[in-house]
Amino acid sequence: MKNKLVLAASVWLLSTSAIAGETILRGPAPDWIPAVAPHLSNRPDNPSQHVRYEVVESHVRAFDDHTETYVRMRLRVLSPLGLQQASQLGLEWNPALQTPTVHHARIIRAGETSDILDKADFTILRREAALEQSLQINGVLTGVLVNPDIRVGDTIDFAYSFRTRFDVFNNPLETLAYSHSPLPLDLGATTISWPASMRVQTRAGRHAALPPITQEGDFKVLIHRVTDVEGEAYPDTLAARSHPDYGWQISSIPQWGTIADHIRSAFDQASALPDAADMAAHVARIKSEHATPEARALAALRLVQDEVRYMALTLGEGGWLPTSAREVWARRQGDCKGKTVLLVALLRELGIDAIPVLVSSENLPLDKYLPMVSAFDHVIVKARIDGETYLMDGARIGDRSLTPDIPLVHEYVLPIAAHARLEPIPLRLPPRPTGTMHIEIDFSDGIYSPARVTLTDIDRGHSATEMQAALAQAPAAELTRLYDQRWNNFLKDYGQVSDIKSQWEYREDTHEFVASATARVAFDWSDGPVEIPLAHVTWKGFELHEDEKFRDADYGKKFPSSSSFRTTVIMPEGEDVLDLSVRPYEVEAGATRYFRTVQRNGNRLDTDRGSITLRPYATAAEVQAEQAGMDSFEDLKATMQVKRGYSLTAADRQTLTTAPEGDPEVALRRGYSLYDEGDHVGAIAQFDAAIAGFPSPQANALANRALAYLALEDLEKARADIAAGEAVDPNETILFHAKGRLAEIEEDDLEAVLAFTGALRSWPENSHALYRRAAAYERMGQSARALADLEQIVTLEPQEAGAKIALATQLLRMGRAEQAYDQAGLLAQAAGYPDAKVQMFIGIAQSLASDLRASDPAKAEAALTNALSVESDFPALLIDRAGIREIQGDSQGAAADMARFKQLTRINLDDPAKACVSQSLLRHSRYFALTMCTRPSSDEGTTSNCI
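For the working numbering, add 59 to where a residue sits in the sequence shown, where the first one is 1.
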């Protein structure tokens, strides 16, 4: 059953005809066609248009027993591409319902008119375009007229009409049309007329106006005329429920129940249970095997879905009247109507309340529609079981539950019953994800050795059916190749992939298609944090409607839709070797719930990232706020990084120290990893292999080997590699790092600044170069420049705690204690402990003073004094400053600080032996506690050796 609404400037009407035919008649236009006043447009030709539509007319007249529709189109060819559009004229009709008549087909060239029909005739085709897509035979014919001679500049004038009847529904008049045209038109004219005695309802959407209706003789006439309009298309994201807001409707059907009344008797008669032995056996089996009504209903649904092939025969009245359940079962074939009456018969025999209902497969907002037959294009079953309403579709495949993985989405149904009304049906969310993917990464053997990876991808619902069909048609070897390629493409960005083994299966009991694979992946950790596969954020919201007229329109959402992307990371037993940065979130934005769960259990991390659409649309207000909701977790990346100090396992070392044959790129990356782990000798060996393996000198490999030589203090070899690298590519970023490191060793801060500036020219986001340049600036006394570099790092890496600490430290070093305190607050907030602001600030101040204590105690004292200007009388700062003042010989200042410290804490500093073991003192200042341990005891006059 297929009767799709056409939403355009021309009007599409339901009507069928007993006087239909398979030929195209020729004749004059009907005498009722209204005269349309001409319009001479002053608009210039649009260079982007290949055809200019000068006139488009659509006139419809309803009579008591049939309807006539007249269409005329006059267009001018503007370009060679327009010849393709104008070279064929065509029309479609259903021969069981309609009779077409062509009135004229002309070409106007240089003011002279010729008749195309004198030189050519229509070819009639039976295309059945829907046969392969939906197993539907509708009988629609297509008439094609090929223009034998068409040229740029020609004008084509083509007119035809249909005489139609739709006796099943007593020839209703119904229209849903729009005030604007999807085509750019010089003149568009639409009229709809009906006998004045016919009762007709009209309705206009909230953003539309109903065209004027006048009476001409015995007919009411709606007239809609537009001139010089640009083609307007609806936004692709416009929700179906918003379409009626921009159009107007006409219907001669008084109420929804009238539609059901016309076909109720046919459905009742067709719903008799087949009198067949095998059907009786199936009923007996279902009753004996299943005790509950729910289980019996599901068994009946599976019988109809699995045992009866879908084939739609929608010729003529067959589009609306069902074949009997008896015939459907005998042939084991039926369309949605036939499958529905068979399922209704089965359910009723099993004692279940069931009724056929008309629905819109596109879930049109029927509450916004006038009663229209064309609003429906499908029929299913509504069943009541234990007070619950269930929708069941016998034309689907693979449902394994009355609440299936892909719920039926019909917010309104029309029961084919007496006194029927539209019934609202609550939406159901998918009971589990409609698609899920899981990756398990097992690092048990070591972080650098090839991890054991297991992947599982599960499709449910329609996707499972499609995959099952594809599986049956493709050779196993080809499927293996395709899946191996798919998994390799997914994994290769994480490192070196090997030993892929793919599998797949269709699970009949759960109607799932499961593709899985195992592989080995040697992860590449050389570029810093690695994204945790599947756990990172990828969501993107709607673009807002640009056209002002759609500012308050709803946005269409894919529904039902629910996804789950799960990741499991298994680390070496008993070791916390990975810095895992992944936080949970749950945000509702734009009628979708986005989530990520995170669970850490020992050496195992489990994450689940997904979304679930809550309804088929989002309001304009929701979409306007949507991006703000998404921004709340935009920066919540999911990454993992090898922790500093990680000890290589035997498997790690074997992997990293083995030179890969014929793959210098892998050797280079292994050299990176060995360098990061402090094995500079091993790194040099891999860099040697990489340099030897590349067909020409490679600046990056030479620069990295130079860094390894510098770590071993072999400056001569480092200089040689730097020179060789410059000869190949003087702009290689790592080469600048090597030159900068060499300058640091040689204590040439200006050269270091120049080198790291060079690195930043080729890679402005290079935070390592910014750190190193900031340090060089500070050593040169250019604190403001050092501060600017650190501020840039915080901008580039807003979630990086180390960047905030470095910036706060520099601010404190420069005497800007208040700003440093603010940075400490941001650091505490980002860490999830906003109340820890003071403690973090004190820690930063103590760390800075500790770094400066030996080299520049005066600056160390100044840093603590600056910190005390914000946190006055903080014991830890006072006792640290007391120690530094003692170093500088300021015994009076030290004594004052210690006196205030004792007053605040009541810790006894007069007895060094007791102070040495005081946990309270240790918590305030480890440095001062150790100092007390080296002082003579007041009781023994000897040095304490407690530490």
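Quick reminder that beta carbons are idealized off the backbone N, C-alpha and C, glycines included. The structure presented is a predicted model; accordingly, all values stated were derived computationally and were not measured.
Assigned exposure category for residue i - 16 Cβ within 10 Å defines buried
{"i": "residue 170", "result": "exposed"}
{"i": "residue 872", "result": "buried"}
{"i": "residue 548", "result": "exposed"}
{"i": "residue 328", "result": "exposed"}
{"i": "residue 950", "result": "exposed"}
{"i": "residue 271", "result": "exposed"}
{"i": "residue 822", "result": "exposed"}
{"i": "residue 191", "result": "Interpretation of residue 191 is limited by its pLDDT of 43, a score under 50 that renders its predicted location unreliable; no figure is taken from the coordinates."}
{"i": "residue 424", "result": "buried"}
{"i": "residue 200", "result": "buried"}
{"i": "residue 398", "result": "buried"}
{"i": "residue 542", "result": "buried"}
{"i": "residue 621", "result": "buried"}
{"i": "residue 286", "result": "exposed"}
{"i": "residue 791", "result": "buried"}
{"i": "residue 364", "result": "buried"}
{"i": "residue 268", "result": "exposed"}
{"i": "residue 112", "result": "buried"}
{"i": "residue 301", "result": "buried"}
Expected contact under 8 Å - CB spacing of residue i and residue j to nearest Å
{"i": "residue 202", "j": "residue 150", "result": "5 Å"}
{"i": "residue 600", "j": "residue 681", "result": "With 8 Å as the limit, residue 600 and residue 681 do not qualify as a contact, their Cβ atoms being about 10 Å apart."}
{"i": "residue 384", "j": "residue 339", "result": "That belief does not hold up - the Cβ atoms of residue 384 and residue 339 are roughly 14 Å apart, past 8 Å."}
{"i": "residue 233", "j": "residue 282", "result": "Not confirmed; about 18 Å, so no contact."}
{"i": "residue 296", "j": "residue 615", "result": "6 Å"}
{"i": "residue 1014", "j": "residue 889", "result": "Absent from the model: residue 1014. The displayed extent of the chain is 60 to 1006, so no value can be given."}
{"i": "residue 168", "j": "residue 213", "result": "5 Å"}
{"i": "residue 671", "j": "residue 655", "result": "Not a contact, Cβ separation roughly 13 Å."}
{"i": "residue 356", "j": "residue 401", "result": "Not confirmed; about 14 Å, so no contact."}
{"i": "residue 1016", "j": "residue 128", "result": "One cannot answer for residue 1016 here, as it falls past the ends of the chain, which runs 60 to 1006."}
{"i": "residue 472", "j": "residue 321", "result": "Not really, about 17 Å apart at Cβ, beyond 8 Å."}
{"i": "residue 276", "j": "residue 303", "result": "The Cβ separation is near 31 Å, so there is no contact."}
6 Å CB neighbourhood of residue i in its chain, flanking five on each side removed
{"i": "residue 852", "result": "826, 829, 862"}
{"i": "residue 457", "result": "524, 570"}
{"i": "residue 960", "result": "934, 937, 938"}
{"i": "residue 193", "result": "Because the pLDDT of residue 193 is 46, which lies under 50, any placement of that residue in the model is unreliable, and the number read from its coordinates should be weighed accordingly. Once the five neighbours on either side are set aside, residue 193 has no close Cβ partner at all."}
{"i": "residue 132", "result": "115, 217"}
{"i": "residue 795", "result": "814, 817, 818"}
{"i": "residue 183", "result": "200, 202"}
{"i": "residue 697", "result": "591, 594, 595, 641"}
{"i": "residue 833", "result": "845, 848, 849"}
Those residues which DSSP pairs with residue i across a bridge
{"i": "residue 621", "result": "671"}
{"i": "residue 163", "result": "218"}
{"i": "residue 447", "result": "444"}
{"i": "residue 660", "result": "663"}
{"i": "residue 582", "result": "554"}
{"i": "residue 202", "result": "150, 183"}
{"i": "residue 634", "result": "Residue 634 is not bridged to any residue."}
{"i": "residue 648", "result": "651"}
{"i": "residue 677", "result": "614"}
{"i": "residue 831", "result": "None; residue 831 has no bridge partner."}
{"i": "residue 173", "result": "166"}
Beta-carbon proximity list for residue i, same chain, < 8 Å, skipping 5 on both sides
{"i": "residue 288", "result": "239, 240, 243, 244, 247"}
{"i": "residue 60", "result": "Note that residue 60 has pLDDT 43, beneath the 50 cutoff, so the model's placement of it is unreliable and the number below is only indicative. Excluding residues within five positions, the ones whose Cβ falls inside 8 Å are 371, 373, 378, 379, 394, 395, 396, 435, 436, 437, 438."}
{"i": "residue 895", "result": "887"}
CB contact check: residue i to chain C, cutoff 8 Å
{"i": "residue 293", "result": "Checking the listed chains, one finds no chain C in this structure; it contains a single protein chain."}
Any non-hydrogen atom of the ligand SAH closer than 7 Å to residue i Cβ
{"i": "residue 875", "result": "Looking at this structure, you won't find the ligand SAH or any other ligand, since it has none at all."}
Cut-off 7 Å between Cβ atoms - residues of its own chain near residue i, not counting five sequence neighbours on either side
{"i": "residue 582", "result": "510, 553, 554, 589"}
Where in the stretch 706–783 do unbroken runs of the alpha helix (DSSP H), each at least 4 residues long, occur, reported from the N-terminal end onward? 709–716, 723–735, 739–752, 758–770
Where in the stretch 77–149 do unbroken runs of the beta strand (DSSP E), each at least 3 residues long, occur, reported from the N-terminal end onward? 110–121, 126–136
4 or more residues per run - each alpha helix (DSSP H) lying fully within the stretch 535–578: 535–550
In chain order, what are the residue ranges of uninterrupted beta strand (DSSP E) at least 3 long that sit wholly in the stretch 244–291? 244–254, 260–263, 272–275, 278–288
Mind pulling the beta strand (DSSP E) runs of 3 or more residues that sit fully within the stretch 383–464? 412–418, 437–444, 447–451
Which runs of the alpha helix (DSSP H) fall wholly inside the stretch 868–894 and span at least 4 residues, in chain order? 876–890
Let me know the beta strand (DSSP E) ranges lying completely inside the stretch 497–529, each 3 residues or longer, listed in chain order. 510–519
Along the chain, which unbroken stretches of the alpha helix (DSSP H) at least 4 residues long are found entirely within the stretch 302–353? 315–329, 336–348
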